[in-house]
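J.: Quick one: the structure is below, and I'll ask about it shortly.
Residue numbers (our numbering): 6 to 115.
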């Protein structure tokens, strides 16, 4: 087997490191200007936003609805009357919704 020192057909250009992408820091001209910039860019960390709260409530209500539907179908399948099945579904809705809401409060979503 013979080896040759032929030049490579394709040469790879040298890889240069990427320049930093962070903008240079500027010093504010006045303390009021710095405070104004901080108020505009600082997120509100007092708790969850209104959107998160609404979504958490919707999740609780939809979970309760699914639980109620399952309870209604199960009680009717087991031979309960319509009134008993509706009552069971209502109690299940309240129980599941309250439990999910309690869990969301413990998780800090409400």
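C-beta atoms are modelled at their ideal positions from N, C-alpha and C, and glycine is treated no differently.
Could you check the C-alpha separation between residue 103 and residue 65 for me, to the nearest Å?
T.: If you take the alpha carbons of residue 103 and residue 65, they lie about 8 Å apart.
J.: Leaving out five residues on either side along the sequence, give the residues of the same chain with a beta carbon under 8 Å from the beta carbon of residue 132.
T.: This structure leaves residue 132 out entirely; the chain is present only between 6 and 115.
J.: When you compare the CB positions of residue 94 and residue 77, do they come within less than 8 Å of one another, or not?
T.: Yes, the Cβ-Cβ distance between residue 94 and residue 77 is below 8 Å.
J.: Whole angstroms are fine: how far does the CA of residue 19 sit from the CA of residue 26?
T.: Going by the C-alpha atoms only, they are around 21 Å apart.
J.: On a CA-only basis, which of 62, 108, 112 and 96 is nearest residue 73? Give me that one, please.
T.: Closest by alpha carbon: 96.
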